[in-house]
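Positions in the sequence shown are counted from 1; adding 14 to them yields the numbering used here.
Even glycine gets a Cβ: it sits at the ideal position worked out from N, Cα and C.
Written out below as structure tokens is the structure these notes cover.
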Amino acid sequence: QYQLRIPVEEMEEASSRLSDLLEEIMMCENLDQLRGYEGSSQAIYFGKWDHMILNQKEAFYFHGRNKRPPEDRVNSLLSFAYTLLSNDITAALETVGLDPYVGFMHQDRPGRVSLSNDLIEELRTPIADRFVLSLINLQQIHEDDFEINENKSVLIKDNARRTFISEWQKNKQVEIMHPYLDEKISWGLVPYAQAILLARYLRGDIDQYPTFFWK
């Protein structure tokens, strides 16, 4: 059982604010505006993230996103999840013949998988964030599974990393109903489905790229 409960009214208010921003995004005229909305949306979303941690709260608290290096256990888990998801997306893009280093929103830089970074924006919440919350709330990962270094960076220990990867692979086998394809596929195939849809859009086979919306 969970130790805490989600403050429903506060979360509904945040959800309403995000819905309002989505309507404004639809009228966006350039990338700079879009990046501004992205920043606002991220602030609202991550501002409520701590409320979704319902167990082990003393060790697993979230006061905002930090990285390079992560400075707490939750950010360490998120960074690792994003790395795994980015690798899956990069493999998916290469499988369908797209160059993961040439993006739309993220500027191209040497060594940066810009298109993977574009695609991860729509997949990090339903895949990576949900997974990390599940690990914490179901107590599959624990306070002593981390190393805290002198520079305050927090790293996942090797045994916990193995647990993480094992559970990640299990989660990839779970089937869901794809909102656009309207058929059951596993979570692990979602990056490939989105890569295929993006390739079809770029070839002109479909009029719009169907973003992965998951409720």
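Straight-line measurement puts the Cα of Val88 at about 10 Å from the Cα of Glu157. The C-alpha of Met191 lies about 34 Å from the C-alpha of Asp172. Taking every protein chain shown into account, the CB of Gln222 has fewer than 16 other CB atoms within 10 angstroms, so this residue is exposed. In terms of Cβ geometry, Gly111 and Ala213 form a close pair [threshold 8 Å].
In the structure shown, Phe118 adopts coil according to DSSP, grouped into three states. Shown here for Ser93: same chain residues with a beta carbon closer than 6 Å to its own, the five before and five after excluded, namely Lys81 and Pro84 in chain order. The stretch 199–210 and the stretch 136–149 touch, with no fewer than 3 CB-CB distances between them shorter than 8 Å.
For the set Thr97, Gln153, Gly117 and Leu35, the Cα lying nearest the Cα of Glu52 is the one of Leu35. Under the three-state reduction of DSSP output, Phe60 falls in the helix class. Note on geometry: alpha-carbon atoms of Asp196 and Phe227 lie some 12 Å from one another. For Phe227, the three-state secondary structure derived from DSSP is coil. Membership of Ser200 in the beta strand (DSSP E) is indicated by the continuous run Lys198 to Ser200.
In terms of CA proximity to Phe118, Ile134 leads the group Thr109, Tyr59 and Ile134. Leaving aside the five residues that flank Gln153 on each side, the residues in its chain whose CB is nearer than 8 Å to its CB run, in chain order, Asn69 and Gln70. With contacts defined as CB atoms closer than 8 Å, Asp113 and Leu137 fail to qualify as a contacting pair. Boundaries of the alpha helix (DSSP H) around Ile103: Arg87 to Thr109. Leu169 sits in a strand when the DSSP states are folded into three classes.
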